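Just so you know, we're using this note's numbering here: the sequence shown kicks off at 2 and counts up by one. We treat Cβ as the ideally placed atom computed from N, Cα and C, and that holds for glycine. Since this is a predicted model, take the numbers as computed values, not measurements. A quick write-up on the structure given underneath.
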Amino acid sequence: SLTITFIFIMCILAITISCLVFKFNHLAIQRSYFNQMENMNETLNIFTESIFEEVQFDAQKLKKNPLFLSLIENHKTNEIQKFLDTLLDHSPKYESISLIKQENQSWNVFIGTGILSKDRESILKDFKLPSKDIIIETISRKRIFLSEPISSPISGTPILLILETIPQNVNVYIAYSLRIADLTSKLIGSIQIGKSGYSGLISPNEVIINHINPSLNLKSLKSFPFYPQMKNYKNKV
Numbered sequence: 002s003l004t005i006t007f008i009f010i011m012c013i014l015a016i017t018i019s020c021l022v023f024k025f026n027h028l029a030i031q032r033s034y035f036n037q038m039e040n041m042n043e044t045l046n047i048f049t050e051s052i053f054e055e056v057q058f059d060a061q062k063l064k065k066n067p068l069f070l071s072l073i074e075n076h077k078t079n080e081i082q083k084f085l086d087t088l089l090d091h092s093p094k095y096e097s098i099s100l101i102k103q104e105n106q107s108w109n110v111f112i113g114t115g116i117l118s119k120d121r122e123s124i125l126k127d128f129k130l131p132s133k134d135i136i137i138e139t140i141s142r143k144r145i146f147l148s149e150p151i152s153s154p155i156s157g158t159p160i161l162l163i164l165e166t167i168p169q170n171v172n173v174y175i176a177y178s179l180r181i182a183d184l185t186s187k188l189i190g191s192i193q194i195g196k197s198g199y200s201g202l203i204s205p206n207e208v209i210i211n212h213i214n215p216s217l218n219l220k221s222l223k224s225f226p227f228y229p230q231m232k233n234y235k236n237k238v
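Shown next, in the form of structure tokens:
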């Protein structure tokens, strides 16, 4: 009976030690995973911020361009059209550089290029822009306004509309259609978390902007069955 008791005690000890080892290993793997996620999140944040800063820089240059401002003030629409067409030809990261304005609670293309040229004006409605007041408030608070992503009619990849004000004409906005997916795909594809996890970008409304799996692009996280388990995801990553 002593032998049986000894074997029983040893089994209990072995199970206890195994459980402790498993728990510590699990915590270590979890900590490592979230450290990787935090580093990935910081890398993507820096990279995307630099992209948006480039757009802001382009907008500031345009807003200070004396020729552009003169054309705006004198309502030279044909010349503005040619000016923006030329600018778009030299700006591969955009699918459109246009001027838009709100009329009767609806956004319309004032002067369009690329995907927002007059024959494609309906695309502007796909961005579902909010009211002018919300856009102005967002720009004053965040220095930039980003639309929700939509699928590009040219490449099929996600694009964003970025709006900037024009001090000389408060009713007209510069609208940049940014190839956000094309610009971030290489970096996103190079970052792997664990054995099967990959990074991605989501909008403030939790719509997937870009992911290594293109079938996930433009889908809302809320539509996935696992969303309740991840809606309060740790460290916002």
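(message) DSSP three-state label for residue 170, please.
(response) Working through the sequence shown from its first residue, we reach residue 170 at position 169. Coil.
(request) Give the secondary structure of residue 154 by DSSP, where H, G and I count as helix, E and B as strand, and everything else as coil. (result) By one-based count along the sequence shown, residue 154 stands at place 153. If DSSP states are grouped into helix, strand and coil, residue 154 belongs with coil.
(request) Return yes when at least one heavy atom of the ligand MN lies under 7 Å from the C-beta of residue 69, else no. (result) The model depicted lacks the ligand MN and carries no ligand whatsoever.
(message) Just list the residues that DSSP pairs residue 99 with in beta bridges.
(response) Counting from 1 along the sequence shown, the entry for residue 99 is found at position 98. Residue 99 pairs with 176.
(request) For residue 58, count neighbouring Cβ atoms within 10 angstroms of its own Cβ and tell me buried if that reaches 16, exposed if not. (result) By 1-based counting over the sequence shown, the position of residue 58 is 57. Here residue 58 is exposed: its Cβ has fewer than 16 other Cβ atoms, across all protein chains shown, within 10 Å.
(request) Compare the Cα-Cα distances from residue 207 to each of 213, 187, 222, 214 and report the closest residue. (result) For the purposes of this step, residue 207 is taken as the residue at position 206 of the sequence shown. The residue among 213, 187, 222, 214 with its C-alpha nearest the C-alpha of residue 207 is 222.
(request) Check the C-beta distance from residue 163 over to residue 177 and give it rounded, since I have them as a contact under 8 Å. (result) Working through the sequence shown from its first residue, we reach residue 163 at position 162. Working through the sequence shown from its first residue, we reach residue 177 at position 176. So it is a contact: roughly 4 Å between Cβ atoms.
(message) Here's the rule I'm using: 16 or more other beta-carbon atoms within 10 Å means buried, otherwise exposed. How should residue 218 be labelled?
(response) Taking the sequence shown and counting its residues from 1, the one referred to as residue 218 is at position 217. By the 10 Å Cβ count, residue 218 comes out buried.
(message) Whole angstroms are fine: how far does the CA of residue 41 sit from the CA of residue 170?
(response) Locating residue 170 in the sequence shown gives position 169, counting from the first residue. Locating residue 41 in the sequence shown gives position 40, counting from the first residue. Approximately 41 Å between the Cα atoms of the pair.
(request) Please determine if the region 83 to 94 and the region 148 to 162 are in contact, where contact requires at least 3 C-beta pairs separated by less than 8 Å. (result) Short answer: they don't touch.
(message) I need the straight-line Cα distance from residue 48 to residue 143, nearest angstrom please.
(response) The sequence position of residue 48 within the sequence shown is 47, counting from 1. The sequence position of residue 143 within the sequence shown is 142, counting from 1. For residue 48 and residue 143, the distance between alpha carbons rounds to 17 Å.
(message) Using only the alpha-carbon positions, how far apart do residue 216 and residue 153 sit?
(response) Numbered from its first residue, the sequence shown carries residue 216 at position 215. Numbered from its first residue, the sequence shown carries residue 153 at position 152. Whole-angstrom Cα-Cα distance: 14 Å.
(message) Excluding the 5 residues flanking residue 186 on each side, which residues of the same chain have their C-beta closer than 7 Å to its C-beta?
(response) Taking the sequence shown and counting its residues from 1, one reaches residue 186 at position 185. So the list reads 211, once near-sequence residues are dropped.
(message) Given this structure, state the Cα-to-Cα distance separating residue 130 from residue 115, to the nearest angstrom.
(response) The sequence position of residue 130 within the sequence shown is 129, counting from 1. The sequence position of residue 115 within the sequence shown is 114, counting from 1. The straight-line gap from Cα to Cα measures roughly 19 Å.
(request) Compare the beta carbon distance of residue 123 and residue 113 with 8 Å and say whether it is the shorter of the two. (result) Taking the sequence shown and counting its residues from 1, one reaches residue 123 at position 122. Taking the sequence shown and counting its residues from 1, one reaches residue 113 at position 112. In this structure, residue 123 sits away from residue 113, with a CB-CB distance that is not shorter than 8 Å.
(request) Can you grab the Cα-Cα spacing for the pair residue 104 / residue 173, in whole Å? (result) Your numbering for residue 104 matches position 103 in the sequence shown. Your numbering for residue 173 matches position 172 in the sequence shown. Cα-Cα distance, rounded: 10 Å.
(request) May I have a chain-ordered list of the alpha helix (DSSP H) segments no shorter than 4 residues that lie completely inside the region 67 to 130? (result) Along the region 67 to 130, the alpha helix (DSSP H) occurs as fully enclosed runs of 4 or more residues at 67 to 74, 78 to 90, 123 to 127, listed in sequence order.
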